[in-house]
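Here is the structure we will look at, set down as structure tokens.
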Amino acid sequence: MDEFTARLACIIFVNAYLPFCHRKVALTIPLSNYSAAAENPILCDLNQEQLKAVTAPISNLLVLAGAGSGKTRVLVHRLAWLIDHYHVNPHEILAMTFTNKAAAEMKRRTAKLLNVSVKSMWIGTFHSMAYRLLRQHHREAGLPENFEILDADDQIRMVRRIIRQMELTEHTNDAREMAQYINRWKDDGLRPQDLENTIHARKRTPYQIYIKYQEICEKHGLVDFGDLLLRSHELWLNHKDILEQYRSRFRHILIDEFQDTNLIQYAWLTMVAGTQNRVMVVGDDDQSIYGWRGAQITNIRRFASEYPNVQTIKLEQNYRSTQVILNAANAVIKNNPSRLGKTLWTQADEGEKITGFKAANGFDEADFVAQTCEHLLETKGFSPNQVAVLYRNNSQSRIIEQIFNQRAMPFIIHGGTRFYDRLEVRNALAYMRLIQNPHANAAFERVVNVPSRGIGSRTLETIRTTATQNNISNWDAAKHTLENNLLPTRADRAVKTFVALIEKLSKQSQGKSLADVANVAVRASGLYKFHESESGELARMRTENLDELLIACAQFAIFDTDIEQEEVDSDSVLRDFLDRATLDAGDHRNDDNDAINLMTLHSAKGLEFPVVFVTGLEEDLFPHYLVKNDPDREEEERRLAYVGITRAMQRLYVTFADTRATSFQQRETKRTPSRYLREIPAQYLSWVGDNPYEKERPLSCDDLYVRSPIYLNNTAQYYGNSRITHKKLGPGRVLNTRGESDSKQVEIEFSDGSRKWFLASSPFLVQE
Ligand code: ATP
Ligand code: MG
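Residue 842 in the working numbering sits at position 427 of the sequence shown; the count goes up by one each step and never skips.
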């Protein structure tokens, strides 16, 4: 029997028996060569379709399948099978995915399956591969040995300088927008010379900026993110010998999350694959969530039609989630009109119903998440790292972090930084700190040249030395250098500007509320404008976080209880807020293993957790207001909801707030539940407290006691309807309570009908 027939016989045999195959049951395969196959850990825990993909003859392969159906598992097992069965040299394998975390996981799982070192395999992200290539062939790529990577911030700054040099009006030629043009051209593989004859008159200016920008990059050996891929592509294009070297090396290429590749990544793949090498791609059209960054969902179709003899395998069994969770996910994604179409099924138990929670506001929502987590950890045996809390925007983590901190719950933020650790937030806090106390040295150093005002390291060094020699603060030292003309003219002017700015901000802030001081620090300092001018998504995120900080300041006044004295002066509120922010930033650091996972829905791609909370399910937040009225982006947003729901293995919680302050509507406004909630069939959902879809009716006294039963266990101090007086806001009655011990809060309705939440221990509250 030749090898091919033997293999075929084995596959048919294994496929036929697979439904009865359990890990520990050895199958007797009547072929000496393959007798070990069924016991082989590479093959045993796979269903028929998965096995077909893993053991397919060497060919181009497309695995198209829904969430949790084992795509990543198949890819890793295929990789191992290539080595173990086809005796492929690990050196000949190139495997790519989209995040470093996923790449590390891929390496770990391959090493475990094969018990070999994975060092000689190229497993990584597209960017890291391109970077590795350019480092190895910098000369041929036209780069100096020590070429530098230009991040998004650097890029925007450089574009702004060019706009000024070219004496263009900054107002009509926004640096951020110009950088976006450049990135898009690079993503599409276009250099200035490629655009020369075709450029539309409307794009003439960005094109000219692109020429200048590229000239500077070349001159100084700078490479931006788009350039990494484009340049390594060009390297291959212009150096056939190098391309040949990689083509003859990477005989087997495997790519996970293929639905999120963009044009240049596709071109890159096509180049290294050539006609000889075999490519396996796995993906899910329903999980394409990076269209806004140029990803082409159509690459899946292109691959199937452009690569020879592509064998397509579909996986339909989901192994991750309970039936209820999977049915809910299917029901949501079904509403997208332009799908390739597939429905997942599972043999798993029906599982618990999805829990829905309508929170009064963002704090209430975070409190519910925290309390539920505590309950699950204490009584259901889950460990913190089995839980994920997902949200649409980075800025949403701020309230969750605050409540988790108050309750000393361990958490880790993935793919992002804690709210008060974020660059833009720390910059704003530094300005607030200087307004409160100009002698704060760290704050001084942090923002003396942010936004850039021409104070370089030498000037700063002079200030520092003066401060040390005279035993004074940086602030006093700066003034001293001005008074004694210690600086060269330009530096002198720059320091003067900074000193004048801080003095102006302090004056503007005198006697003002915390929210007003924050507003001065964020806007009058030029910080908001500065971050706004960074490139696309980054700018949106940073300005949203600054808006969120302003909201935090406004809310701090409401929830604050740390200040003991009766009449609170604005200075002590400011100091108290800054101290708390510093504590929040520095406290409770946990490693991955014993911490609850907080992350955006985008960064949850490819991951799974026994318990998942999808929070902020409100119209305009999720779906995001920016995607509305754009059918393509609306579909992409629903795919993001699908990604979120399908991360859950056993328990799923979906929450929204009745009122929330968001970065685009800074006051607490009434919210509408997200369409995705409505799309989950009612039989899969069980609501804690209010069912938002029940007809609204006026609140009666009885409702006050049953509204949120989860919180009514802890009403030791306050009871519904009891009368209470707030020392500043006057008399009212208790509507509701929530939280426990230190973070226990009460909702009070005042005589004018307004309602507010306070910490129960607030010294302003007096019970009658
Ligand atoms: P996503 O679309 O979210 O990236 P995926 O299709 O890549 O998901 P995997 O992460 O590979 O799915 O698998 C989902 C879960 O199902 C994992 O926990 C995996 O170990 C498990 N799984 C996959 N196939 C099987 C199988 N045949 N038997 C048992 N468990 C399986
Ligand atoms: Mg996967």
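Built from N, CA and C at the ideal position, the CB exists for glycine as well.
Candidates the options, of which the one nearest residue i by Cα
i, options, result
"A930", "D1167, E563, L844 and N809", "L844"
"V1058", "C459, G483, L466 and I457", "G483"
"R662", "W651, G777, Y722 and V865", "W651"
"T1030", "K749, A774 and D602", "A774"
"L1150", "E963, V1161 and H1141", "V1161"
"S1166", "V1181, I1139, Q1182 and T1152", "I1139"
"R754", "D700, Q923, V1069 and I728", "D700"
"L669", "M521, L644, F826 and E582", "M521"
"E672", "P723, N885, T514 and A857", "T514"
"R1075", "I498, R617, A468 and E1033", "E1033"
"K588", "Q970, Y622 and R664", "What sits at residue 588 in the sequence shown is Asn, not Lys. Closest by alpha carbon: Y622."
"M686", "Y705, V802, Y722 and G796", "Y722"
"W357", "L658, Y705 and S812", "Lying outside 416 to 1183, the shown extent of the chain, residue 357 is not represented and no answer is given."
"L580", "I631, F640, H829 and H895", "Reading off the sequence shown, one finds Gln at residue 580, where the question assumed Leu. The shortest Cα separation from Q580 among I631, F640, H829 and H895 belongs to I631."
"E876", "V910, P866 and M847", "V910"
"L509", "S535, A519 and D499", "S535"
"V840", "D962, H635, I626 and S703", "D962"
"N724", "T713, Q691 and A743", "Q691"
"V932", "L644, S867, M847 and E949", "M847"
"Q821", "F778, I850 and Q1065", "F778"
"D642", "I578, T737 and F541", "F541"
Local conformation of residue i per DSSP, three classes
i, result
"P1025", "strand"
"Y449", "Summary for Y449: the model assigns pLDDT 40, below 50, so the residue's position carries little reliability; its value from the coordinates is reported in the next sentence. Residue state, collapsed to three classes: helix."
"N1012", "strand"
"A803", "strand"
"A1072", "strand"
"F913", "helix"
"L875", "helix"
"R1138", "strand"
"S1166", "coil"
"V1161", "strand"
"V863", "coil"
"H1003", "In this prediction, H1003 scores a pLDDT of 39, lower than 50, which makes its location untrustworthy; no coordinate-derived value is stated."
Alpha-carbon spacing of residue i relative to residue j, whole angstroms
i, j, result
"L741", "R955", "33 Å"
"R1086", "E780", "13 Å"
"L1013", "A906", "44 Å"
"G766", "V1026", "12 Å"
"E585", "I878", "32 Å"
"Q674", "N960", "30 Å"
"E1164", "G1147", "5 Å"
"N396", "E1049", "Absent from the structure is residue 396, since the part of the chain shown begins at 416 and ends at 1183."
"Q980", "S928", "Residue confidence for Q980 is low, a pLDDT of 38 falling below 50, so the modelled location carries little weight; the figure read from the coordinates is stated next. If you take the alpha carbons of Q980 and S928, they lie about 17 Å apart."
"H437", "Q463", "Here H437 scores only 31 on pLDDT, less than 50, and its place in the model should not be relied on; the value that follows carries that caveat. Approximately 13 Å, taken between the alpha carbons."
"S543", "G1021", "19 Å"
"I917", "L583", "30 Å"
"D1157", "F992", "Note that D1157 scores 44 on pLDDT, short of 50, meaning its location in the model is unreliable; the coordinates nonetheless yield the value given after this. Computed Cα separation, rounded: 18 Å."
"R547", "G941", "39 Å"
"T512", "T758", "25 Å"
"Q1132", "I815", "Bear in mind that the predicted position of Q1132 carries a pLDDT of just 48, short of 50, making it too unreliable to give a figure here."
"N1129", "I597", "Low confidence applies to N1129: its pLDDT is 32, below 50, so where it sits in the model is not reliable, and the reading given next is rough at best. So the alpha carbons of these two residues sit roughly 57 Å apart."
Residue i: CB within 7 Å of a non-hydrogen atom of the ligand MG
i, result
"T525", "no"
"K757", "no"
"G481", "no"
"G1021", "yes"
Residue i Cβ short of 7 Å to the ligand SAM heavy atom set
i, result
"D671", "This structure does not include the ligand SAM; its bound ligands are the ligand ATP and the ligand MG."
Exposed unless 16 or more other CB atoms sit within 10 angstroms - verdict on residue i
i, result
"F419", "With a pLDDT of 34 at F419, under the threshold of 50, the predicted position of this residue should be treated as unreliable, and no value is reported."
"I473", "exposed"
"T1061", "buried"
"K486", "buried"
"A857", "exposed"
"V804", "buried"
"Q1182", "exposed"
"K601", "buried"
"L965", "buried"
"S532", "exposed"
CB contact below 8 Å: residue i versus chain C
i, result
"R1086", "Absent from the structure: chain C. Only one protein chain is present."
heavy atom of the ligand ATP below 7 Å from residue i C-beta
i, result
"T487", "yes"
"T514", "no"
"Q465", "yes"
"D460", "yes"
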